[in-house]
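The structure appears right after this line, and notes come after that.
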Amino acid sequence: MLVNYRRLEMYYLAKFFELIGIGVITYSFYIYFPDPMTYELLTYGSCFFIAGWIIEKFLLRG
2 MLVNYRRLEM
12 YYLAKFFELI
22 GIGVITYSFY
32 IYFPDPMTYE
42 LLTYGSCFFI
52 AGWIIEKFLL
62 RG
């Protein structure tokens, strides 16, 4: 039971990281609309999304 609880917790953590990444990219696109978004915000959003994807894809492989 404890293993399944930790697995579920990690799954939601991965989805949360992906949500934060998509949110940062969307927010920066909305704020800087006429101009391109800054590379810093694009990098932060991409890093959060990729971290969540790595957790989901490789650490939670069943």
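Take 2 as the starting number for the sequence shown in this note's numbering and just add one per residue.
Ideal placement from N, C-alpha and C gives every residue a C-beta, glycine not left out.
Only a predicted model underlies this, so the values are computations on that prediction, with no experimental measurement involved.
By the Cβ neighbour-count rule, G53 is buried, with 16 or more other Cβ atoms within 10 Å of its own. When DSSP states are grouped into helix, strand and coil, R62 belongs to the coil group. Here DSSP, grouped into helix, strand and coil, assigns F49 to helix.
Linking L14 to R7 through their CA atoms gives a straight-line distance of about 10 Å.
A straight-line Cα-Cα distance of about 6 Å links F18 and F50.
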